[in-house]
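Have a look at the structure below before the remarks.
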Amino acid sequence: KAGVTQTPRYLIKTRGQQVTLSCSPISGHRSVSWYQQTPGQGLQFLFEYFSETQRNKGNFPGRFSGRQFSNSRSEMNVSTLELGDSALYLCASSLEAANYGYTFGSGTRLTVV
Amino acid sequence: AQSVAQPEDQVNVAEGNPLTVKCTYSVSGNPYLFWYVQYPNRGLQFLLKYITGDNLVKGSYGFEAEFNKSQTSFHLKKPSALVSDSALYFCAVSSPSGNTPLVFGKGTRLSVIA
Chain Y
1 KAGVTQTPRY LIKTRGQQVT LSCSPISGHR SVSWYQQTPG QGLQFLFEYF
51 SETQRNKGNF PGRFSGRQFS NSRSEMNVST LELGDSALYL CASSLEAANY
101 GYTFGSGTRL TVV
Chain Z
1001 AQSVAQPEDQ VNVAEGNPLT VKCTYSVSGN PYLFWYVQYP NRGLQFLLKY
1051 ITGDNLVKGS YGFEAEFNKS QTSFHLKKPS ALVSDSALYF CAVSSPSGNT
1101 PLVFGKGTRL SVIA
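Same order as they appear, the protein sequences are chains Y and Z. By this note's numbering, the letter at position 34 of the first sequence is numbered 34, and the numbering carries on one by one without gaps. Whatever position you read off the second sequence (first residue = 1), add 1000 for this note's numbering.
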């Protein structure tokens, strides 16, 4: 079966712009989580969606937002981009919850200039 | 709240030698523990998972992990390292309910030298 698909793979944006990243989970998976990965901070949890509802939220500013659609596909949006937002953004899908384990997408590499 | 510690940023091992990547955890209740591997510019790939039962868990690519409840550890092991095992390894823990996100360690970079 198809894995977790993230688009786009690479993105270059200018400070102050906004960006939308997309994630299509494995068919049948209802939970989608987003993580930000940077060399200095490791993997930091952004948010988790389950059945179109935000179930958990990490400690990120309100510029970071997300949503999940009825087909479980998810998007995350970052507004007013800052240089420090440059990172690999990873989407992970799970059947129901974290204790089932995650399947990760390949990530979107965002560079803010 | 759960937490994971990977005490080594970097582990170097010669090809053919056994390898160990260390992980300790903290969680209320019985833990769900995971190991993932990441290759450059890729997402994380699942290696193995511990839920309950046998303390030695076997996973992908010849890796295994040993669960030790008294030491709250879940070390990743492989009897004979390959150069292709060189990558970034993450340990993660989930609460028994699973209603909080997976918490990851900071990662350990494994270098296998030919």
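C-beta: ideal position from N, C-alpha, C; glycine also.
Whose C-beta lies closer than 6 Å to the C-beta of Z/Lys1077 among residues of the same chain, with five residues either side of it excluded? Thr1020, Glu1064
How should Y/Gly16 be labelled, buried or exposed, when 16 other C-beta atoms within 10 angstroms of its C-beta is the threshold for buried? exposed
From Y/Ser94, Y/Phe104, Y/Asp85, pick the residue whose C-alpha is nearest to that of Y/Pro39; which is it? Y/Asp85
Using beta-carbon positions only, say whether Z/Leu1033 and Z/Phe1067 come within less than 8 Å of one another. yes
Count the other CB atoms, across all protein chains shown, that sit within 10 Å of the CB of Y/Phe47; report buried if there are 16 or more and exposed otherwise. buried
With Y/Gly3 and Y/Thr103 assumed to form a contact (beta carbons below 8 Å), what rounded beta-carbon distance in angstroms separates them? 6 Å
Given that a residue counts as buried once 16 or more other Cβ atoms are within 10 Å of its Cβ, and exposed if not, what is Y/Gly107? buried
I'd like to know if Y/Glu52 contacts chain Z, where contact means its C-beta is closer than 8 Å to some C-beta of that chain. no
Among the residues of its own chain, which have a CB less than 7 Å from the CB of Y/Ser12, if the five just before and after it don't count? Reading off the sequence shown, one finds Ile at residue 12 of chain Y, where the question assumed Ser. Excluding residues within five positions, the ones whose Cβ falls inside 7 Å are Thr111, Val113.
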